[in-house]
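*Asks:*
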Amino acid sequence: MSSHQILQFRSDPFVLSHCCPHTLLTSSLTLHSPLKQPFPGLRFRWRRSNHTGVRNSTTPESHGSKKEALTSIELKRVYPFHEIERKWQRYWEDNRTFRTPDDVDTSKPKFYVLDMFPYPSGAGLHVGHPLGYTATDILARLRRMQGYNVLHPMGWDAFGLPAEQYAIETGTHPKTTTLKNIDRFRLQLKSLGFSYDWDRELSTTEPDYYKWTQWIFLQLYKRGLAYQAEVPVNWCPALGTVLANEEVVDGVSERGGHPVIRKPMRQWMLKITAYADRLLEDLDDLEWPESIKEMQRNWIGRSEGAELNFSILDGKGQETDKKITVYTTRPDTLFGATYMVVAPEHHLLSYFVTSDQKQQVEEYKDFASRKSDLERTELQKEKTGVFTGCYAKNPANGDAVPIWVADYVLASYGTGAIMAVPAHDTRDNEFALKYNIPIKWVVKNEAASCDDAKQVYPGLGMIENSSSLETGLDINQLSSKEAALKVTEWAERTGNGNKKVNYKLRDWLFARQRYWGEPIPILILDESGETIAVSESELPLTLPELNDFTPTGTGEPPLSKAVSWVNTVDSTTEKPAKRETSTMPQWAGSCWYYLRFMDPKNTEALVDKEKEKYWSPVDVYVGGAEHAVLHLLYSRFWHKVLYDIGVVSTKEPFKCVINQGIILGEVQYTAWKDQEGNYVTADTEERLNEHQQVTIPEERVMKSGDHFVLKEEPSIRLIPRAYKMSKSRGNVVNPDDVVLEYGADSLRLYEMFMGPFRDSKTWNTSGIEGVHRFLARTWRLVIGLPQSDGSFKDGTIVTDDEPTLEQLRTLHKCIAKVTEEIESTRFNTGISGMMEFVNAAYKWNNQPRGIIEPFVLLLSPYAPHMAEELWSRLGHLNSLAYESYPKANPDYLKNTTIVLPVQINGKTRGTIEVEEGCSEDDAFVLASQEEKLRKYLDGQSIKKRIYVPGKILNVILDRTNVKVTTK
Ligand code: ANZ
Numbered sequence: 001m002s003s004h005q006i007l008q009f010r011s012d013p014f015v016l017s018h019c020c021p022h023t024l025l026t027s028s029l030t031l032h033s034p035l036k037q038p039f040p041g042l043r044f045r046w047r048r049s050n051h052t053g054v055r056n057s058t059t060p061e062s063h064g065s066k067k068e069a070l071t072s073i074e075l076k077r078v079y080p081f082h083e084i085e086r087k088w089q090r091y092w093e094d095n096r097t098f099r100t101p102d103d104v105d106t107s108k109p110k111f112y113v114l115d116m117f118p119y120p121s122g123a124g125l126h127v128g129h130p131l132g133y134t135a136t137d138i139l140a141r142l143r144r145m146q147g148y149n150v151l152h153p154m155g156w157d158a159f160g161l162p163a164e165q166y167a168i169e170t171g172t173h174p175k176t177t178t179l180k181n182i183d184r185f186r187l188q189l190k191s192l193g194f195s196y197d198w199d200r201e202l203s204t205t206e207p208d209y210y211k212w213t214q215w216i217f218l219q220l221y222k223r224g225l226a227y228q229a230e231v232p233v234n235w236c237p238a239l240g241t242v243l244a245n246e247e248v249v250d251g252v253s254e255r256g257g258h259p260v261i262r263k264p265m266r267q268w269m270l271k272i273t274a275y276a277d278r279l280l281e282d283l284d285d286l287e288w289p290e291s292i293k294e295m296q297r298n299w300i301g302r303s304e305g306a307e308l309n310f311s312i313l314d315g316k317g318q319e320t321d322k323k324i325t326v327y328t329t330r331p332d333t334l335f336g337a338t339y340m341v342v343a344p345e346h347h348l349l350s351y352f353v354t355s356d357q358k359q360q361v362e363e364y365k366d367f368a369s370r371k372s373d374l375e376r377t378e379l380q381k382e383k384t385g386v387f388t389g390c391y392a393k394n395p396a397n398g399d400a401v402p403i404w405v406a407d408y409v410l411a412s413y414g415t416g417a418i419m420a421v422p423a424h425d426t427r428d429n430e431f432a433l434k435y436n437i438p439i440k441w442v443v444k445n446e447a448a449s450c451d452d453a454k455q456v457y458p459g460l461g462m463i464e465n466s467s468s469l470e471t472g473l474d475i476n477q478l479s480s481k482e483a484a485l486k487v488t489e490w491a492e493r494t495g496n497g498n499k500k501v502n503y504k505l506r507d508w509l510f511a512r513q514r515y516w517g518e519p520i521p522i523l524i525l526d527e528s529g530e531t532i533a534v535s536e537s538e539l540p541l542t543l544p545e546l547n548d549f550t551p552t553g554t555g556e557p558p559l560s561k562a563v564s565w566v567n568t569v570d571s572t573t574e575k576p577a578k579r580e581t582s583t584m585p586q587w588a589g590s591c592w593y594y595l596r597f598m599d600p601k602n603t604e605a606l607v608d609k610e611k612e613k614y615w616s617p618v619d620v621y622v623g624g625a626e627h628a629v630l631h632l633l634y635s636r637f638w639h640k641v642l643y644d645i646g647v648v649s650t651k652e653p654f655k656c657v658i659n660q661g662i663i664l665g666e667v668q669y670t671a672w673k674d675q676e677g678n679y680v681t682a683d684t685e686e687r688l689n690e691h692q693q694v695t696i697p698e699e700r701v702m703k704s705g706d707h708f709v710l711k712e713e714p715s716i717r718l719i720p721r722a723y724k725m726s727k728s729r730g731n732v733v734n735p736d737d738v739v740l741e742y743g744a745d746s747l748r749l750y751e752m753f754m755g756p757f758r759d760s761k762t763w764n765t766s767g768i769e770g771v772h773r774f775l776a777r778t779w780r781l782v783i784g785l786p787q788s789d790g791s792f793k794d795g796t797i798v799t800d801d802e803p804t805l806e807q808l809r810t811l812h813k814c815i816a817k818v819t820e821e822i823e824s825t826r827f828n829t830g831i832s833g834m835m836e837f838v839n840a841a842y843k844w845n846n847q848p849r850g851i852i853e854p855f856v857l858l859l860s861p862y863a864p865h866m867a868e869e870l871w872s873r874l875g876h877l878n879s880l881a882y883e884s885y886p887k888a889n890p891d892y893l894k895n896t897t898i899v900l901p902v903q904i905n906g907k908t909r910g911t912i913e914v915e916e917g918c919s920e921d922d923a924f925v926l927a928s929q930e931e932k933l934r935k936y937l938d939g940q941s942i943k944k945r946i947y948v949p950g951k952i953l954n955v956i957l958d959r960t961n962v963k964v965t966t967k
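Below, the structure written as structure tokens:
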């Protein structure tokens with residue numbers, strides 16, 4: 001059979017239809033080589049749908065994008081994903097296929113792969129969710145088939161603000177909203193075929209779960225790691241409530257636009273700072289992206305420096321016994337401190353502010369209370385401040401320096417006061433120039449000198465202008481480093497200060513004035529005001545039912561309205577007490593859920609010790625980069641506390657963390673039109689903003705060089721841009737629509753095929769069509785072509801023939817590639833490997849079982865529904881979920897062609913490229929077809945052939961007899 005005949009036999013009408021949609025139904029016998037039509041890039045224009053291809057932020061122009069619906073026959077011809085997917089989802093559910101038993105055989109290796117569990121929002125899943133979930137699902141399915149015990153659970157991070165806000169607006173209880181949203185999320189996730197063990201599903205809002213969140217809080221409390229302190233909160237007088245940071249936009253409440261001020265309130269805090277060093281050190285051994293580790297390091301923000309004391313001077317310039325302590329990382333610049341700044345909230349401010357300046361200072365404090373810490377420290381913002389009228393003594397030289405109050409100094413960092421060195425600190429420099437404060441250079445280096453008093457040099461260098469006869473301190477000519485050491489030693493010796501390590505990390509504000517959160521299990525005794533822990537045996541302390549979630553107006557949390565719940569007695573002393581009415585922040589439940597998944601039904605302990613020992617740590621944890629800092633830091637903190645008290649056996653919870661990239665909306669092409677309605681090209685026109693923007697559909701766009709232009713008017717350049725998906729932009733892609741139109745396997749495959757897993761990428765409907773087509777081709781490769789009514793026959797066209805060497809090589813190369821790519825989380829190139837296999841297989845004249853079955857197994861982690869269906873049609877009675885994952889045989893992976901010298905009558909006349917192990921006959925046929933050798937062989941008769949496989953072919957001609965023909 002010639003290769004052409006093979007192509008005819010295997011020719012696939014559906015490949016052809018992509019390039020020629022109009023011939024879809026009539027051209028099924030047209031002959032094209034499938035190889036000439038690789039999968040990507042081609043599109044089913046006739047299938048473009050409204051749901052998945054919406055792009056209309058500005059005025060959309062529709063032009064010739066007529067959409068035709070698929071007939072039911074056409075739909076069937078593609079492949080029956082609607083039937084298959086539902087069928088297998090039901091099968092998995094009925095058989096609890098992915099259940100991880102409680103009593104796994106612990107002699108087997110384990111693999112715990114976890115998604116950052118979602119907040120079940122009212123909007124349902126977006127296409128960003130399945131990106132991470134598909135990746136973890138592929139890993140879970142792979143490891144199951146490789147013989148691991150796999151833990152792959154899913155749950156809900158369901159406490160939080162939106163449900164409560166919705167409750168305030170509509171009166172629907174947050175629990176009702178939450179359960180409804182969870183049901184929807186669960187349904188959506190199941191429709192995507194993820195292999196979660198649904199028996200382990202949990203929600204942070206269930207008392208059985210938050211009992212243990214409360215238990216952990218009590219362990220923290222007992223160890224002095226949970227305490228109360230006065231801390232500033234966002235207080236909105238008009239709404240009478242405390243607001244979360246995300247509810248405050250530019251100093252006003254998001255709801256209603258009312259002014260918000262910072263007001264100190266008694267709050268529960270967690271002492272995460274006690275773990276700062278361990279949180280920092282243990283980062284080093286984690287297999288996390290370097291960028292996340294760096295973000296965590298910066299957040300913890302360890303810095304080394306000194307605390308130095310400046311005595312406050314009285315009105316006559318005499319030293320008082322009160323001192324302001326500053327924190328500095330640059331003790332070497334002490335002689336350059338020409339003023340001091342205290343934060344508006346500094347505890348000594350009211351003590352030393354002079355009566356002349358009092359009013360100005362009070363007004364300034366009020367002004368600063370309206371800003372968040374973030375706004376206050378923004379570098380670009382103009383610095384503001386007020387002189388307090390008071391001076392302090394620079395301990396190094398006895399100079400009197402003015403004390404200012406300014407909000408660029410935060411009360412919450414260091415000591416809330418600084419020595420300002422305007423020659424060497426940028427912020428101080430800006431401030432000093434604005435308020436005419438002297439600037440004194442004390443550090444120089446080759447690149448910077450003090451010629452220009454307005455210049456600032458923040459680097460290190462050689463110290464100058466830094467000696468005092470009065471104090472005897474002299475650091476001139478020392479390097480910054482030596483000087484810093486000397487100043488610190490001097491300060492310690494003379495009682496003027498001490499060495500100090502500081503952290504940016506603050507203790508964690510752990511209370512919210514909200515209803516929809518875990519109650520904090522603390523009682524306040526009526527008599528003494530003393531706080532005591534609710535007894536562990538009384539947990540869970542359940543949220544009382546409440547119908548009115550509106551703020552109390554006093555700043556008291558909504559729970560204070562549950563009077564009969566609030567008023568209680570301490571069970572041990574029988575003394576009357578009130579319950580704490582603040583609730584925990586949303587972070588609480590997500591801090592430890594990965595532990596509960598190991599043992600979700602345990603009523604005696606948070607997690608059984610043996611189970612924890614087996615499953616810990618999480619091997620792969622996948623989620624969005626937005627959780628790179630806080631969630632991971634808080635979990636690590638709780639985990640370390642649990643480690644210290646013997647609940648967990650590992651120091652760190654997550655061995656490997658991967659952040660998936662963001663999916664941006666489909667690229668939108670923008671053109672501009674002038675008043676007359678003529679297009680204006682985007683590159684030359686400067687005043688584009690004055691023109692009307694129009695969005696151009698993709699079919700009217702073409703690429704010209706590096707640019708995109710209007711097809712009908714190529715001189716008009718367009719601007720392509722991908723935006724974050726948002727309702728207002730109208731570019732949100734709903735996964736449900738994609739599943740309906742292309743099936744879950746196509747969505748899974750597409751999200752994996754879009755690009756490298758960790759990169760941001762843009763949605764592209766024609767991309768789904770590409771992978772959908774690949775799946776359809778795979779289906780027909782195994783099942784055969786559809787019948788005239790569009791349906792497919794039962795069974796497969798697979799044969800029991802022995803696979804050829806070429807088939808085995810193709811398969812094993814595919815196995816090696818796909819396995820390697822999944823293991824390295826390069827899911828996109830794994831798919832390319834499978835596409836190459838299918839392309840190659842289309843050229844064969846048979847599809848042996850020994851080749852197709854392993855391929856179906858390879859495909860299954862990516863497209864599990866189709867793979868299960870093929871597997872069952874191949875005659876298997878059970879799910880393939882626990883079949884052995886194919887292993888590549890290295891014998892078939894070797895580079896298989898060699899260059900063989902060919903001699904004619906003992907003289908080397910040329911070479912041929914042959915497969916290793918090529919037979920003598922095949923080698924001879926190749927030689928006789930080779931251009932150079934043909935002239936020696938054509939028309940000759942052969943006396944003898946000497947063939948040494950892999951080494952040489954020698955053809956001895958019979959000069960008397962002319963017989964060979966190569967035609
Ligand atoms: C004098 C000085 C001279 C400083 C100089 C810097 C450069 P990090 O590294 O982030 O820890 N600082 C101290 N407490 C502050 C507060 N509560 N609010 C705002 N700024 C504060 O930064 C430490 C430096 O930040 C300290 O060192 C202090 O300014 C300032 F050439 O002291 B430095």
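Heads up, the sequence shown is in UniProt numbering, so the first residue is 1 and it goes up one at a time. Ideal Cβ placement from N, Cα and C applies to all residues, glycine included.
#1: The beta strand (DSSP E) spanning Ala400 covers which residue range?
#2: My output table needs one value for Gly906: the three-state DSSP class, helix, strand or coil.
#3: Beta-carbon within less than 8 Å of Pro458's beta-carbon, same chain only, minus the 5 sequence neighbours each way: which residues are those?
#4: Which class does Gly256 belong to by DSSP, given the choice of helix, strand or coil?
#5: Between the C-alpha atoms of Lys323 and Leu525, what's the straight-line distance to the nearest angstrom?
#6: According to the neighbour-count rule (16 or more other Cβ atoms, all chains shown, within 10 Å of its Cβ), is His772 buried or exposed?
#7: Return the bridge partner residues of Ala343 from the DSSP annotation.
#8: Tell me which residues share the same chain as Trp871 and place their Cβ nearer than 6 Å to its Cβ, disregarding the 5 neighbours each side in the sequence.
#9: Helix, strand or coil for Thr52? Go by DSSP, reduced to three states.
#10: List the whole-angstrom C-beta distance separating Ala140 from Val113, where the pair is believed to meet the contact cut-off of C-beta under 8 Å.
#11: Using only the heavy atoms of ligand 1, determine whether one of them is closer than 7 Å to the beta carbon of Ala343.
#12: Under 8 Å, with one C-beta from each stretch per pair, do the segment 129-145 and the segment 629-649 reach the 3-pair mark?
#13: Pull up the CB-CB distance for Gly589 and Phe159, whole angstroms please, since I reckon it's below 8 Å.
#14: DSSP on Gln359, reduced to helix/strand/coil?
#15: In chain order, what residues of the same chain lie with their CB nearer than 8 Å to the CB of Asp745, ignoring the 5 residues before and after it?
#16: Count the other C-beta atoms from every protein chain shown that fall within 10 angstroms of the C-beta of Arg687, then say buried if there are 16 or more, exposed otherwise.
#17: If you follow the beta strand (DSSP E) that Leu239 is in, where does it begin and where does it stop?
#18: Below 8 Å, how does it come out for the segment 649-661 and the segment 118-126: are there three or more Cβ pairs, yes or no?
#19: Buried or exposed, going by whether 16 or more other CB atoms sit within 10 Å of the CB of Gly950?
#20: Return the chain-ordered list of same chain residues with a C-beta closer than 6 Å to the C-beta of Leu485, the five sequence neighbours on each side being excluded.
#21: Go ahead and label Asp277 buried or exposed: buried means 16 or more other beta carbons lie within 10 angstroms of its beta carbon, across all protein chains shown.
#22: Taking only three categories from DSSP, how would you classify Ile658?
#23: Could you tell me whether the Cβ atoms of Gly317 and Gly553 are closer together than 8 Å?
#24: Would you check whether ligand 1 has a heavy atom nearer than 7 Å to the C-beta of Asn502?
#25: In whole angstroms, what is the alpha-carbon distance linking Leu31 and Pro854?
#26: Could you tell me which of Leu718, Pro697, Glu931, Glu699 sits nearest to Gly705, measuring between CA atoms?
#27: Taking the alpha helix (DSSP H) that Gly589 falls in, what are its first and last residues?
#28: With DSSP run on the structure shown, which of helix, strand or coil describes Thr542?
#29: Leu525 lies in the beta strand (DSSP E); which residues open and close that run?
#30: Only counting the same chain, and skipping five residues up and downstream in sequence, which positions put a Cβ closer than 7 Å to that of Glu806?
#31: Let me confirm a value: Gln513 is counted as buried when at least 16 other C-beta atoms fall within 10 Å, else exposed. Which label applies?
*Replies:* Let me lay it out:
#1: For Ala400, the uninterrupted beta strand (DSSP E) run begins and ends at 400-406, by DSSP.
#2: If DSSP states are grouped into helix, strand and coil, Gly906 belongs with coil.
#3: Around Pro458, the same chain offers His424, Asp425, Thr426 as residues with beta carbons nearer than 8 Å, after the five sequence neighbours per side are excluded.
#4: It is coil, neither helix nor strand.
#5: Rounded to the nearest whole angstrom, the CA to CA distance from Lys323 to Leu525 is 38 Å.
#6: Flag for His772 reads buried.
#7: According to DSSP, which records beta bridges pairwise, Ala343 is partnered with nothing at all.
#8: Once the five neighbours on either side are set aside, the close Cβ partners of Trp871 are Val856, Leu880.
#9: Residue confidence is low: Thr52 scores 41 on pLDDT, short of 50, so the model does not pin down where it sits. Its coordinate-derived value is still stated next. Reduced to three states, the DSSP call for Thr52 is coil.
#10: Separation of the CB atoms of Ala140 and Val113 is rounded to 5 Å, and the pair is thereby assigned contact status at 8 Å.
#11: Result yes, Cβ under 7 Å from ligand 1.
#12: No, they do not touch.
#13: Yes, Gly589 and Phe159 are in contact; Cβ-Cβ is about 6 Å, under 8 Å.
#14: DSSP places Gln359 in the helix class (H, G or I) of the three-state scheme.
#15: Correct list, in chain order: Phe81, Glu85, Gly193, Leu775, Tyr862, Ala863, Pro864, His865, Met866.
#16: With fewer than 16 other beta carbons inside 10 angstroms of its own, Arg687 counts as exposed.
#17: Note, Leu239: premise wrong, no beta strand (DSSP E); not H, not E.
#18: Taking a cut-off of 8 Å for Cβ pairs, the segment 649-661 and the segment 118-126 do not touch, as fewer than three such pairs fall below it.
#19: Classification of Gly950: exposed, given that the 10 Å Cβ count is below 16.
#20: Cβ within range, chain order: n/a, list empty.
#21: Sixteen is the threshold: since fewer than 16 other Cβ atoms of the shown chains lie within 10 Å of the Cβ of Asp277, the residue is exposed.
#22: Note: Ile658 maps to strand in three-state DSSP.
#23: Gly553 is positioned such that its CB atom lies no closer than 8 Å to that of Gly317.
#24: True, at least one ligand heavy atom lies under 7 Å from that Cβ.
#25: Confidence at Leu31 is low in this model, with a pLDDT of 26, below 50, so its placement is unreliable and the value that follows should be read with caution. Approximately 29 Å, taken between the alpha carbons.
#26: Of the candidates Leu718, Pro697, Glu931, Glu699, Leu718 places its Cα closest to the Cα of Gly705.
#27: 587-590 is the span of the alpha helix (DSSP H), which, as asked, contains Gly589.
#28: Here DSSP, grouped into helix, strand and coil, assigns Thr542 to coil.
#29: Annotation for Leu525: the continuous beta strand (DSSP E) segment containing it runs 522-525.
#30: For Glu806, where only same-chain residues beyond five positions count, there are no Cβ hits under 7 Å.
#31: It counts as buried.
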